[in-house]
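Taking it in order: structure first as structure tokens, then the write-up.
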Amino acid sequence: ERYARVEEQRAAAAKAEEEAKAQAAAEAERQKAEAAERKKQKERIAKALRKQRARLRNIVKDNGGACTEDECEKLCSQLNFDQLEGLCSDLEAVIAAKGAG
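Residue numbers for the sequence shown follow my numbering, so the first one is 10 and each next one is one higher.
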């Protein structure tokens with residue numbers, strides 16, 4: 010009977026150890042997936058920002074070069090995505106209004 014209890018305790022300890030390993034592996038996998046998602050999101054933001062920078066450069070180039078390319082790049086580097094997108098939209102609206110008027 011004592012032997013049976015010892016075996017039960019060993020089995021319970023082994024099961025607990027396996028469960029702990031499984032939980033640790035699941036947590037590691039979750040963290041890895043989150044890191045991959047953060048990286049993808051960062052890449053999407055960087056791509057969108059590059060598109061907006063190119064958009065602004067093209068607006069400036071196509072409309073008399075109001076500033077040099079270096080000045081344009083400096084401006085782009087100081088603006089976040091939303092500010093840059095807003096600036097491009099505003100410039101396009103002004104240009105469209107001038108073209109229509």
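Glycine residues also receive a C-beta, built at the ideal position from the N, C-alpha and C atoms.
Query                                                                                             : Result
Helix, strand or coil at Gly108 according to DSSP, with G and I counted as helix                  : helix
Asn72: first and last residue of the uninterrupted alpha helix (DSSP H) it sits in                : Run containing Asn72: none; DSSP gives neither H nor E here.
Straight-line Cα distance separating Leu88 from Leu60                                             : Inspection of the sequence shows that residue 60 is occupied by Lys rather than by Leu. Near 13 Å, if we compare the C-alpha coordinates of Leu88 and Lys60.
Secondary structure of Leu84, DSSP reduced to three states                                        : helix
Meets three-Cβ-pair contact criterion under 8 Å: the segment 27 to 47 and the segment 66 to 78    : no
Three-pair Cβ contact test at 8 Å for the segment 85 to 101 versus the segment 49 to 64           : yes
Asn89 in three-state terms, based on DSSP                                                         : coil
Sequence-distant residues of its chain with Cβ nearer than 8 Å to Cys76 (five each side left out) : Val69 and Leu84
DSSP state of Cys97 mapped onto helix, strand, coil                                               : helix
Proximity of Leu96 and Leu58 at Cβ, strictly below 9 Å                                            : no
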